[in-house]
Amino acid sequence: MPLLSDSSRRGDIGRPSRLLVFSVTAMALLNNSVLMSSTPEILESYGEPVSRAGMLIAAGTLTGIVAAPAIGFLADRYGRKRILVPCLLVFGTIGSLGGFSPSFEWLLVVRIIQGLGSAGLINLVIVLISDHWSGMDRARLLGQNSAVITGFLAVFPFLGGATTDLFGWRWNFAYYALALLVGAAVARSLDDPWVGRRVPVGRQLREAVVELAIPVNAVCVVIGSLTFFVMFGVFLTLIPIHLDEVFGLGPTERGLVAAVPAVTSTATALVVTWFRTRLSVGFMVATGLGVFAAAFVAMGLGSLWLLVIAAAVYGLAEGLTIPTLQDLVAERAPEHLRGVLMALWVGGLRIGQTTGPLVVGLAIGLWSTGTVLVMAGVIVGCLALALGTSRILPSGRPAAAVGPGPLADGNG
1 MPLLSDSSRR GDIGRPSRLL VFSVTAMALL NNSVLMSSTP EILESYGEPV
51 SRAGMLIAAG TLTGIVAAPA IGFLADRYGR KRILVPCLLV FGTIGSLGGF
101 SPSFEWLLVV RIIQGLGSAG LINLVIVLIS DHWSGMDRAR LLGQNSAVIT
151 GFLAVFPFLG GATTDLFGWR WNFAYYALAL LVGAAVARSL DDPWVGRRVP
201 VGRQLREAVV ELAIPVNAVC VVIGSLTFFV MFGVFLTLIP IHLDEVFGLG
251 PTERGLVAAV PAVTSTATAL VVTWFRTRLS VGFMVATGLG VFAAAFVAMG
301 LGSLWLLVIA AAVYGLAEGL TIPTLQDLVA ERAPEHLRGV LMALWVGGLR
351 IGQTTGPLVV GLAIGLWSTG TVLVMAGVIV GCLALALGTS RILPSGRPAA
401 AVGPGPLADG NG
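Residue numbering for the sequence shown follows my numbering, starting at 1 and increasing by one per position.
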């Protein structure tokens with residue numbers, strides 16, 4: 001049973017504007033990145049040790065581990081727009097209240113509830129792109145969306161750091177109210193021709209589990225989780241504390257360092273389709289993990305200039321891995337299960353986002369920040385080597401990727 005009209009499948013009618021799609025992506029990135037540069041100040045204001053930095057970051061993604069798959073499941077049954085708009089409203093409304101938190105515990109509660117709204121943003125963006133674009137057009141737009149991700153991962157930490165220096169860290173929570181404006185735009189402008197499925201819930205779940213059990217799909221979930229583990233645990237949580245303790249940098253300066261990867265990651269994500277037509281998925285992902293590893297080792301060696309250079313190299317890994325994994329999952333997902341499968345993939349990312357800050361928070365309570373960086377690099381390097389020699393991911397060049405794609409032939 002077709003779930004989208006023929007015109008929507010061709011993408012010539014009802015296609016959402018890229019600005020609208022990218023705006024939702026930007027709101028998803030607000031969740032943690034706008035707070036990362038001010039983490040030391042937030043903890044200090046509540047009298048909390050730096051080892052609790054992981055709790056602050058992880059609280060915003062904890063509920064997403066369960067909520068993201070549930071939201072994808074609902075989007076497949078009831079439509080994308082009906083689920084996306086409430087997610088934006090919850091994220092914007094609850095998130096804005098964080099600035100009024102009287103204690104660290106209250107702030108964690110606000111962040112946990114806020115995570116219910118953010119859980120559906122990234123995966124529904126990918127689903128919207130996959131619903132309306134196919135083949136290399138889809139790969140190109142996913143690359144552009146990843147460039148938006150990496151770009152705002154740089155802009156928001158700088159914005160948060162500057163806001164903290166000028167007005168105080170509580171004002172950073174006002175930025176979450178922007179999600180209300182984006183939610184209003186989605187409600188007004190998004191054309192959602194989705195026809196809800198009437199199959200039993202149990203059958204839909206069984207079909208999703210069967211797809212997820214395919215080795216390539218399962219490995220994509222694991223690698224995605226690992227990628228976001230190191231991004232949110234090592235870079236977004238550890239680096240601000242490392243810059244504060246080792247080099248004495250203030251919030252704005254820490255935000256500037258966090259912005260460095262944006263140049264290389266954005267440029268790489270924008271040309272990822274060039275790599276996709278010439279290199280295999282397995283090689284690109286293994287190379288991305290290897291770049292992560294080398295960058296973390298260099299960051300932990302004690303030189304600020306070397307850290308800045310390594311941060312730029314780190315951006316290459318983001319630009320290679322994120323859009324490649326997204327496109328592979330979207331390409332393999334059947335149309336009627338795309339929402340739940342992409343949500344399960346994002347659920348894996350949420351596991352990485354949540355456990356990364358917590359594990360790193362515990363690690364910096366035992367070892368110096370430089371030691372943790374080097375250890376993280378060595379571990380990721382070993383995993384990259386294992387993946388590169390396993391050949392679990394596709395090892396051939398994606399010649400079929402230049403063809404029509406899953407939406408054109410209707411098979412997903």
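Where a beta carbon is used, it is the ideal one built from N, C-alpha and C, also for glycine.
*asked:* Does the structure place the segment 183-191 close enough to the segment 293-311 that three or more beta carbon pairs sit under 8 Å?
replied: The answer is no - the segment 183-191 does not touch the segment 293-311, with fewer than three Cβ pairs under 8 Å.
*Rounded separation between arginine 276 and valine 109 - CA only*: Rounded to whole angstroms, arginine 276 to valine 109 spans 42 Å at the Cα level.
_Here's a check: name, in chain order, each residue in its chain whose Cβ is nearer than 8 Å to the Cβ of proline 16, leaving out the five neighbours to either side._
Once the five neighbours on either side are set aside, the close Cβ partners of proline 16 are Leu128, His132, Ser189, Leu190, Asp191.
*Beta-carbon gap between glycine 160 and leucine 325 smaller than 8 Å*: Not in contact: glycine 160 and leucine 325 (Cβ atoms no closer than 8 Å).
*Where does aspartate 191 fall in DSSP's three states?*
Three-state result, aspartate 191: coil.
_Taking only three categories from DSSP, how would you classify isoleucine 113?_
Three-state result, isoleucine 113: helix.
*asked:* Here's the rule: buried if 16 or more other CB atoms are within 10 angstroms of the residue's CB, otherwise exposed. What is cysteine 382?
replied: Per the 10 Å Cβ criterion, exposed.
_Sequence-distant residues of the same chain with beta carbon closer than 6 Å to leucine 88, five excluded per side_ = Cβ neighbours of leucine 88 beyond the five flanking positions: Ala179, Val182, Gly183.
*By Cβ distance, which residues of its chain are closer than 7 Å to serine 101, with the 5 residues on each side in sequence left out?*
Closer than 7 Å at the Cβ level, and outside the excluded window around serine 101, lie Leu107, Val110.
*asked:* Quick check on the DSSP output: what are the complete alpha helix (DSSP H) runs of length 4 or more inside the segment 335-377, in order along the chain?
replied: Runs of the alpha helix (DSSP H) spanning 4 or more residues and lying entirely within the segment 335-377 occur at 338-363, in chain order.
*asked:* Between which residues of its own chain and leucine 358 is the CB-CB distance below 6 Å, once the five residues before and five after are set aside?
replied: Cβ within range, chain order: Gly54, Ala58.
*Euclidean distance between Cα positions of proline 406 and glycine 135*: Residue placement at proline 406 is flagged as unreliable, the pLDDT there being 32, under the threshold of 50; the coordinate-derived value follows with that caveat. Their Cα atoms are separated by approximately 7 Å.
*How would you write the range of the alpha helix (DSSP H) that arginine 413 sits in, first residue to last?*
Missing from the structure shown is residue 413; the chain here goes from 1 to 412 and no further.
_Between glutamate 207 and chain B, is any beta-carbon pair separated by less than 8 Å?_
Given the protein chain composition of this structure (a single chain), no chain B is represented.
*Are the beta-carbon atoms of alanine 269 and serine 146 separated by less than 8 Å?*
Yes; because the gap between Cβ atoms is below 8 Å, this pair is in contact.
*So, are the CB atoms of proline 251 and threonine 164 less than 8 Å apart?*
Going by C-beta atoms, proline 251 is nearer than 8 Å to threonine 164.
*Presumed contact (8 Å Cβ cut-off) between alanine 262 and glycine 315, rounded CB distance*: The Cβ separation is near 7 Å, so the contact holds.
*Of all the alpha helix (DSSP H) runs that stay within the bounds of the segment 57-103, which reach a length of 4 or more residues?*
Within the segment 57-103, the complete alpha helix (DSSP H) runs of at least 4 residues are 64-78, 80-96.
_In whole angstroms, give me the CA-to-CA distance for glycine 403 and valine 378._
Its pLDDT being 36, under 50, glycine 403 is placed unreliably by the model, and the measurement read from it follows with that caveat. Between glycine 403 and valine 378, the C-alpha separation is close to 39 Å.
*What residue from Glu245, Phe104, Thr264, Val24 has the CA that sits closest to arginine 52's CA?*
Each of Glu245, Phe104, Thr264, Val24 was checked against the Cα of arginine 52, and the nearest Cα belongs to Phe104.
*asked:* Measuring straight from C-alpha to C-alpha, what distance separates tryptophan 345 and valine 222?
replied: Computed Cα separation, rounded: 9 Å.
*Cβ of phenylalanine 228 within 8 Å of Cβ of glycine 115?*
Pairing phenylalanine 228 with glycine 115 gives a Cβ-Cβ distance that is not under 8 Å.
*Could you work out which residue in Gln204, Pro40, Ala139, Tyr176 is closest to methionine 27 when comparing CA atoms only?*
The residue from Gln204, Pro40, Ala139, Tyr176 with its alpha-carbon nearest to that of methionine 27 is Tyr176.
_Of the residues Ile42, Pro334, Ile126, the one placed nearest glutamate 211, counting alpha carbons only_ = Closest by alpha carbon: Pro334.
*Indicate whether arginine 206 and serine 37 have their beta-carbon atoms separated by less than 8 Å.*
Not in contact: arginine 206 and serine 37 (Cβ atoms no closer than 8 Å).
*With 16 other Cβ atoms within 10 Å as the buried cut-off, status of methionine 1*: Note on methionine 1: pLDDT 34, under 50, position unreliable in the model; the coordinate value appears next. It is exposed - the Cβ of methionine 1 has fewer than 16 other Cβ atoms within 10 Å.
*Taking alanine 119 and glycine 64 to be in contact with their CB atoms under 8 Å, please state how far apart those CB atoms are, rounded to whole angstroms.*
With a beta-carbon spacing of about 4 Å, alanine 119 and glycine 64 fall inside the 8 Å limit used to define contacts.
*Assign glycine 14 to one of three DSSP states: helix, strand, or coil.*
DSSP places glycine 14 outside both helix and strand once states are collapsed to three, so it counts as coil.
*Compute the Euclidean distance between the alpha carbons of leucine 373 and arginine 278, then round it to the nearest angstrom.*
Cα-Cα distance, rounded: 32 Å.
*Do you know offhand how far threonine 39's Cα is from glycine 202's?*
Approximately 43 Å between the Cα atoms of the pair.
_Checking 8 Å against the spacing of the C-beta atoms, do alanine 343 and isoleucine 113 come in under that value?_
Not closer than 8 Å, so no.
_Residue environment, isoleucine 126, which counts as buried when at least 16 other CB atoms sit within 10 Å_ = Label assigned to isoleucine 126: buried.
_Among the candidates Val291, Gly290, Leu320, whose CA atom is the shortest distance from the CA of tryptophan 274?_
The option with the nearest alpha carbon to tryptophan 274 is Leu320.
*leucine 4 - DSSP class collapsed to helix/strand/coil*: Its pLDDT being 43, under 50, leucine 4 is placed unreliably in this model, and the value from its coordinates should be taken loosely. Annotated three-state conformation of leucine 4 is coil, per DSSP.
_Rounded C-alpha distance that separates alanine 34 from isoleucine 42_ = First, the residue type needs correcting, since residue 34 is valine and not alanine in the sequence shown. Cα-Cα distance, rounded: 12 Å.
*asked:* Rounded to whole angstroms, what is the Cα-Cα separation between threonine 150 and tyrosine 78?
replied: Roughly 31 Å between the two C-alpha positions.
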